[in-house]
Amino acid sequence: MRVLLTGAAGFIGTAIDRALTEAGHEVVGVDLMLDSAHGSSTPPEGVHQLDVREAGSPEWAELLRGVDVVCHQAALVGAGVRVGDLPAYASHNDLGTAALLAAMHDAAVDRLVLASSMVVYGEGRYTCALHGDQQPPPRDLAALEGGDFDNHCPVCAEPLAWSLVPEDARLDPRSSYAASKLAQEHYAASWVRQAGAGAVALRYHNVYGPGMPRDTPYSGVAAMFRSSLERGERPQVFEDGGQVRDFVHVADVARANVAALEQVVAESVPRYAAYNVCSGTPVTILDVATRVAEGTGRDIAPQVTGGFRVGDVRHVVASPALAAAELGFTASVDPHDGLADFATAPLRA
Numbered sequence: 001m002r003v004l005l006t007g008a009a010g011f012i013g014t015a016i017d018r019a020l021t022e023a024g025h026e027v028v029g030v031d032l033m034l035d036s037a038h039g040s041s042t043p044p045e046g047v048h049q050l051d052v053r054e055a056g057s058p059e060w061a062e063l064l065r066g067v068d069v070v071c072h073q074a075a076l077v078g079a080g081v082r083v084g085d086l087p088a089y090a091s092h093n094d095l096g097t098a099a100l101l102a103a104m105h106d107a108a109v110d111r112l113v114l115a116s117s118m119v120v121y122g123e124g125r126y127t128c129a130l131h132g133d134q135q136p137p138p139r140d141l142a143a144l145e146g147g148d149f150d151n152h153c154p155v156c157a158e159p160l161a162w163s164l165v166p167e168d169a170r171l172d173p174r175s176s177y178a179a180s181k182l183a184q185e186h187y188a189a190s191w192v193r194q195a196g197a198g199a200v201a202l203r204y205h206n207v208y209g210p211g212m213p214r215d216t217p218y219s220g221v222a223a224m225f226r227s228s229l230e231r232g233e234r235p236q237v238f239e240d241g242g243q244v245r246d247f248v249h250v251a252d253v254a255r256a257n258v259a260a261l262e263q264v265v266a267e268s269v270p271r272y273a274a275y276n277v278c279s280g281t282p283v284t285i286l287d288v289a290t291r292v293a294e295g296t297g298r299d300i301a302p303q304v305t306g307g308f309r310v311g312d313v314r315h316v317v318a319s320p321a322l323a324a325a326e327l328g329f330t331a332s333v334d335p336h337d338g339l340a341d342f343a344t345a346p347l348r349a
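Going letter by letter, the sequence shown gives residues 1 to 349 in UniProt numbering.
Put into structure tokens, the structure is as follows:
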């Protein structure tokens, strides 16, 4: 199998490249090497430095020749909390994906695996003990300022409990980044119908592990906690630390991509499908900070600040069931172990 891998020099792309090579597949790597993700570093040997928004160029046509499937990891990431971020997300993520899909069609490449994200769900899934499933509105600013971080049942006002989010859940992006990821999925699904192609979108939950960049918009909360500890500071935990998430190791994300790529190429009847890529072991944000702190071997406890970001959601925890049933993917790294190991794992400068 010959795979064109965009975002090949990134944290996740590097792990996918390694996993594909170990599985005996040929990889053609492409990366724009944005300063926000890579600093001033140069592309690794064999990685072509090209802009996916220019995928209609002759250089891209040459790289797509003979490719069986594209693994599209390239994206501008981050919280996307500023209105000024909107054009960059629309350009890199949405225009880039549309240009790539058009170029793939011109090159008769009709299989795709797309890196998507849990952020397409917005808030997670919630239930009330008395009134069943509920869809809470965005949390009230005054309540957040008063230290009430829970979502409440719109019928009885009691705090809602979280439950697992399946792939057919309501999609409700809450930031410009999230909106761009959902748009990527919509473009891919439309391409499948128009081009008679096949695509899989992998909705990553919180990815961490060796090779993660430090102190950039690509650094997730686990890396931020680690950076604080390396400075001798207590990790700062927002809200009350009870936010529930799923943290998945980058090695497992790479395995999920290999499984999806092999499946989408092998399928004779093309289709569009989306899968959660998660550990299946929920953890609170305070748990994450605690495990990373413990992994350092030093006595530095996290600090729960009560602070908050308006665009954040309270809980979002994925169901791993569909990926297990249809991709044969289950995570191998328990986050309680992986996060402790992450405290001393090598990071990208």
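A virtual CB, placed ideally from N, CA and C, is assigned to each residue, including glycine.
Any C-beta of chain B under 8 Å from that of residue i
i: Gln303; result: Protein chains in the displayed structure number just one, and chain B is not present.
Bounding residues of the alpha helix (DSSP H) (the contiguous stretch that carries residue i)
i: Gly132; result: No alpha helix (DSSP H) contains Gly132, which is instead part of the beta strand (DSSP E) from 132-134.
i: Asp287; result: 285-295
i: Asp337; result: 335-342
i: residue 382; result: No answer is possible for residue 382: the residues shown for the chain start at 1 and end at 349.
i: Gly13; result: 11-22
Nearest-angstrom beta carbon gap, residue j and residue i [assumed within contact, 8 Å]
i: Ser279; j: Phe247; result: 6 Å
i: Arg125; j: Ala169; result: 6 Å
i: residue 367; j: Ser116; result: No answer is possible for residue 367: the residues shown for the chain start at 1 and end at 349.
i: Met1; j: Asp68; result: 5 Å
i: Pro270; j: Val155; result: That pair is no contact at about 43 Å.
i: Phe225; j: Val292; result: 5 Å
i: Ala19; j: Val258; result: 5 Å
i: Ser180; j: Asp94; result: 5 Å
i: Ala50; j: Val30; result: For clarity, residue 50 is Leu in the given sequence; the question names Ala instead. Between Val30 and Leu50 the Cβ distance is about 5 Å, and since that is below 8 Å, they are a contact.
i: Val283; j: His205; result: Actually they are not in contact, since the Cβ atoms of Val283 and His205 sit about 11 Å apart, beyond 8 Å.
i: Val310; j: Leu141; result: 7 Å
i: Ala315; j: Trp162; result: Rather than Ala, the amino acid found at residue 315 in this sequence is His. So it is a contact: roughly 4 Å between Cβ atoms.
Range of the contiguous beta strand (DSSP E) that encloses residue i
i: Asn206; result: 206-208
i: Phe247; result: 247-249
i: Arg234; result: Counting along the chain, Arg234 falls outside any beta strand (DSSP E), and DSSP gives it neither H nor E.
i: Ala274; result: 272-277
Distance CB(residue i)-CB(residue j) smaller than 8 Å
i: Pro136; j: Glu145; result: no
i: Leu114; j: Ala199; result: yes
i: Val244; j: Val317; result: yes
i: Val237; j: Ile285; result: yes
i: Gly7; j: Ala74; result: yes
i: Ala98; j: Tyr208; result: no
i: Val27; j: Val52; result: no
i: Phe342; j: Glu239; result: no
i: Val119; j: Pro173; result: yes
i: Tyr275; j: Glu167; result: yes
i: Leu229; j: Thr296; result: yes
i: Ala112; j: Gln134; result: Per the sequence shown, residue 112 should be read as Leu rather than Ala. No, the pair does not count as a contact, with Cβ atoms beyond the cut-off.
i: Ala15; j: Ala254; result: yes
i: Leu327; j: Cys71; result: no
i: Leu64; j: Ala9; result: no
i: Pro235; j: Gln303; result: yes
i: Thr305; j: Pro320; result: no
i: Val288; j: Ala222; result: yes
i: Gly56; j: Ala129; result: no
i: Phe11; j: Gly338; result: no
i: Leu171; j: Tyr121; result: yes
i: Ala195; j: Tyr272; result: no
i: Leu32; j: Asp17; result: no
i: Ala345; j: Glu294; result: no
Residues bridged to residue i [DSSP beta-bridge criterion]
i: Thr6; result: Val30, His72
i: Pro213; result: Arg348
i: Asp203; result: Position check: residue 203 holds Arg in this sequence, whereas Asp was assumed. Answer by DSSP bridge pairing, in chain order: Ser116, Asn276.
i: Ala318; result: Val165
i: Val47; result: Gly29
i: Arg226; result: According to DSSP, which records beta bridges pairwise, Arg226 is partnered with nothing at all.
i: Val304; result: Val237
i: Arg111; result: Gly198
i: Val244; result: Thr284
Proximity test, residue i beta-carbon vs the ligand HEM heavy atom, cut-off 7 Å
i: Ser332; result: Ligands in the displayed structure: none, and consequently the ligand HEM is not present.
Entirely enclosed beta strand (DSSP E) segments - the region 54-91, minimum 3 residues: As far as the region 54-91 is concerned, its whole beta strand (DSSP E) runs of at least 3 residues are 69-72.
Which complete beta strand (DSSP E) runs does the region 115-194 hold, if anything under 3 residues is left out? Unbroken beta strand (DSSP E) stretches of 3 residues or longer found wholly inside the region 115-194: 125-128, 132-134, 161-163, given in chain order.
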